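Colleague: First, the structure itself, so that you have it in front of you.
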Amino acid sequence: MASTQQLDTACFPVTRLEVQKPKQANYSRLALLTGIRVFNKHTLNLNDSSLTIPEFVYNMHNVKTWPAIFNIQYRIFPLPGFIINKDGLTVFEIKKKQSHYTNSENL
3 MASTQQLDTA CFPVTRLEVQ KPKQANYSRL ALLTGIRVFN KHTLNLNDSS LTIPEFVYNM
63 HNVKTWPAIF NIQYRIFPLP GFIINKDGLT VFEIKKKQSH YTNSENL
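Going by the working numbering, the sequence shown opens with residue 3, and the numbers climb by one from there.
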């Protein structure tokens, strides 16, 4: 996947994610998950490392209409991380180099 560069930023293309209403109410948080292939068949899976701990980014109880549509983009520069928009508003964005982020919804 090629990245694009605009105004001192470098980002991958936007991915549209359509989330259907969960059948069970206890599934209420949207999370980013990472799996890492270290070498050949050697991998780091869910919770194997601090890099593979889920990052909860949105409380799905806040969705008013279904399906919920999210636009997700990975920014490479100046601060690497995900930017997630819903209904034209940023709901999650990495703001600082330390593992801090802004999240406009209460998790």
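Beta carbons are placed, not taken as given, at the ideal position from N, Cα and C, and that holds for glycine. Treat the numbers as computed from the prediction; the structure is a model and nothing was measured.
Determine the extent of the beta strand (DSSP E) in which residue 17 is found, giving its start and end residues.
Modeller: Position 15 of the sequence shown, counted from the first residue, corresponds to residue 17. Where residue 17 is concerned, the enclosing beta strand (DSSP E) stretches over 17-21.
Colleague: For residue 88, does the count of other Cβ atoms within 10 angstroms reach 16, so buried, or fall short, so exposed?
Modeller: On the sequence shown, residue 88 is found 86 positions in, with the first residue counted as 1. Buried: at least 16 other Cβ atoms inside 10 Å.
Colleague: Measure the beta-carbon distance from residue 69 to residue 35 and round it to whole angstroms, keeping in mind my assumption that it falls under 8 Å.
Modeller: One-based indexing of the sequence shown puts residue 69 at position 67. One-based indexing of the sequence shown puts residue 35 at position 33. Contact doesn't hold; Cβ gap of about 20 Å is too wide.
Colleague: Based on Cα-Cα distance, which residue from 28, 54, 32 lies nearest to residue 38?
Modeller: Looking up residue 38 in the sequence shown gives position 36. Minimum Cα distance to residue 38 is reached at 54.
Colleague: For residue 29, count the other beta carbons within 10 Å of its own beta carbon; 16 or more makes it buried, fewer makes it exposed. Which is it?
Modeller: Locating residue 29 in the sequence shown gives position 27, counting from the first residue. Residue 29 should be labelled exposed.
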